[in-house]
Structures are given as C-alpha cells and as structure tokens.
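Asks: Chains as they are written, first to last, in our numbering: chain A, 1473 to 1660; chain B, 1473 to 1660.
Glycine residues also receive a C-beta, built at the ideal position from the N, C-alpha and C atoms.
Written as structure tokens, this is what we have:
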C-alpha cells in the first residue's frame, strides 16, 4: 500500500556535488548541492539550483560560471562540511587541505582531489520558487586517471556519493545491475 | 592526474526514473529518464528533460503533467525495456504486467509496483539545446509502506537505481556513509 507523505522534495537518487566558484575577491569557494541534474545532451548541460542567500549565488551570477567537483565516498565528511559552513566566513579549501585548480575554460575553480570534474558556463537562469536554477553548458569533463576504464569514466572506480533527501543520509554506489540498452532487450 | 574527455553529459549519480504520461488516446505510457533532478525546495519541484521526437513529449505538452515512478533495483530489466521501445507502438504497462494508477492530483499515471512516486504538474518549460526541460511542481510523494522508516522514505529500503552515463551501467545503492549536516561537523 502507498502512503502519501505530501509535496516534498523527495527523489532518489540525488547527487552530492561540490559547486566551485570564485567570490568577488577571487577566493575559491565550494558549496554542497543536491538539487541538480543533467538537462540536455547537446550541448551537454547540467543544472544546479541555489537559494539567493547562499554565498555562491552572487559568485555564479557575477562570473556566469561554476564547476561541479564530484567527490568520492571517502570524502563524505568533507562534502558534508562544505554544506554546513559558509564561504562568507570560512576558507573551505584551506580548512580541508584541498587544492583549488583554476579552470582554463570557465571562470571557476575545481577540487584537484575529487575524481570527476565538470566545468560549466551558465547559459540559462530560471527562477523556480525559492531557488534559482543555473543551466550550465558543460565545456569539459575531467576524470582522474584511476577513474577511467577503456577511456570512459567508470562509476565503480569513481565511487560517487548519493544523497537521500528526507532521511538525510549519504550513500555509496552499490553493485552493477547491468548494462543500459541491453538488460531489457529480452523483454521486447 | 586528470584526463580531459571533452564536453560530455557526464555526472554521477544520475537517476533511472520512469516518467509516466497519458497519450492523446488516454493510453498510459512510461519513458526511462536519466536527465533530471530536484530544482527547488519551495514549492518542491523537479525537472525531467525530453527530446521532441520522444512519444512522451507531446503527452506532457498536452496535459502539462507527468509522474516519476522511482523503481527498485529488482526492476532494472523492466526499466531498461522502457528506455528501449516506444509507446508509439508498444503498450509498456501491459507488456510488463504493471498496473497504471491514475493520479488524483495530476493528469498522468504512475506504476503501482514502484516503491516511490512523485506526481508533478508542469510549471515551466525551458528549451535547452536538443532537449526540452519540464519543471514539475511536486504535488505529492507516495511511498510504499515497506519503504518508510519513522514516516520518512528510507532509501536503503527503497533501493533506487542509479544510472552512470558514458559507461551506460545501472547500479544499486551502496551502504550508508553517514548523516548529512552531521558527519562534517567535526571539521568545523
């Protein structure tokens, strides 16, 4: 039997991403984001949504750029930290001992220590309720060498984090369930 | 060392969702979608992006509604099937032996057999490259009783599927890594 829990921001999986920006003074900053996803194949684009009071909001508005550093499960406590404190009064890179790398393609920094990096140029901004959704065109994807298999990003090696809203838990990636566009063929 | 793989639709995790719609004749249909995510907390909203040639595209445009049935890992082959064939010439519910339940809140059906349901009314439509992004206001979330813990959706019980673009693999959910807004506190 299904139980109605009302209109909540519930969906699974949601990501645990680190949105990288430069503030007005050029200080690199990170914000943990679960509200986002891919939204177009060509040009490849992804969204992240932020509320205006977030320190990263003005940074994205000003430079029309952000990166998404996709962390590995071993970085869970650091990712959570980035969602707890504000870049207004904390230097998160310094605190975590992480290296801010300036993207050569967009005006934003990424985390050298994260296994998967997506560099985005803002091409649309849409107000949706209390959030502002930034649609970023993906200018490049960078993968740590150990996270590649046959030249492609290997999720099992990258070990991304998954966020579960409502129960507010982070999870790791489980076992492969099979290949897409393949395991369903037998049902045709 | 980071390897650049170019501008690709790569992000982790992405979802494996079943978008439910009625076609012009009122036949329920499902489409597998990985391009989507939460985009606002209030009102709660999530996006799904579709290409215009998809059979579900006209259905959403006409009724300004869709559901997201979030499947469990045991349904992976059925989810994949829904991404392989078109509702134009297949009755996917009938083929899979699934039950189409008419939402009482939006003009779209959902899958009774899926553990987590999100019912959406379209409030924004944005063209992004080859995709059309539908922003849906979440009117209700329904959870199978066994997927609740203390009245909240329990991801570990729901066992959602995760899709990995590029290597085109489906994955299950892994172990909990800890509570959000908690495990990072020690780093403050």
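Pick from B:1493, B:1533, B:1475 and B:1593: whose alpha carbon is nearest that of residue 1580 of chain B?
Replies: Closest option to residue 1580 of chain B, Cα to Cα, is B:1493.
Asks: Roughly how many angstroms lie between the CA atoms of residue 1651 of chain B and residue 1629 of chain B, to the nearest whole one?
Replies: Going by the C-alpha atoms only, they are around 16 angstroms apart.
Asks: Thinking C-alpha only, which one of B:1504, B:1611 and B:1481 is nearest residue 1526 of chain B?
Replies: Looking at the Cα atoms, B:1504 is the closest of the given residues.
Asks: Counting only C-beta atoms, is residue 1540 of chain A closer than 8 angstroms to chain B at any point?
Replies: Yes, its Cβ sits closer than 8 angstroms to a Cβ of chain B.
Asks: Buried or exposed: residue 1506 of chain B, going by 16 or more other Cβ atoms within 10 Å of its Cβ?
Replies: With 16 or more other Cβ atoms within 10 Å, it is buried.
Asks: Take residue 1559 of chain B and list the residues in its own chain whose beta-carbon comes closer than 6 angstroms to its own, dropping the five residues that flank it on each side.
Replies: So the qualifying residues of the chain are 1501 and 1527.
Asks: Assess, as a yes-or-no matter, whether the stretch 1612 to 1620 of chain B is touched by the stretch 1582 to 1589 of chain B under the definition of 3 or more beta carbon pairs within less than 8 angstroms.
Replies: In short, these stretches touch, since the Cβ pair count reaches three.
Asks: May I ask which residues mark the beginning and end of the alpha helix (DSSP H) holding residue 1657 of chain A?
Replies: Where residue 1657 of chain A is concerned, there is no enclosing alpha helix (DSSP H), given that its DSSP letter is neither H nor E.
Asks: Is it true that the stretch 1513 to 1532 of chain B meets the stretch 1599 to 1611 of chain B, where meeting means three or more beta-carbon pairs spaced less than 8 angstroms apart?
Replies: Yes, the stretch 1513 to 1532 of chain B is in contact with the stretch 1599 to 1611 of chain B.
Asks: Please confirm if residue 1653 of chain A has its CB atom under 8 angstroms from at least one CB of chain B.
Replies: By this cut-off, residue 1653 of chain A is an interface position.
Asks: Should residue 1569 of chain A go down as buried or exposed, given a rule of 16 or more other Cβ atoms within 10 Å for buried?
Replies: Label assigned to residue 1569 of chain A: exposed.
Asks: Could you name the residues of the same chain whose beta carbon sits closer than 8 angstroms to that of residue 1613 of chain A, not counting the 5 residues immediately before and after it, in chain order?
Replies: Taken in chain order, the residues that qualify are 1588, 1589, 1590, 1591 and 1625.
Asks: For residue 1553 of chain B and residue 1610 of chain A, what's the separation of their Cα atoms in angstroms?
Replies: The alpha-carbon atoms of residue 1553 of chain B and residue 1610 of chain A are separated by roughly 29 angstroms.
Asks: So, residue 1639 of chain B versus residue 1488 of chain A, is the Cβ gap smaller than 8 angstroms?
Replies: Against a cut-off of 8 angstroms, the Cβ pair of residue 1488 of chain A and residue 1639 of chain B comes out as no contact.
Asks: At 4 residues or longer, and completely inside the stretch 1513 to 1576 of chain A: list those alpha helix (DSSP H) runs for me, N to C.
Replies: DSSP runs (the alpha helix (DSSP H)) wholly in the stretch 1513 to 1576 of chain A: 1527 to 1535, 1548 to 1556 and 1564 to 1568.
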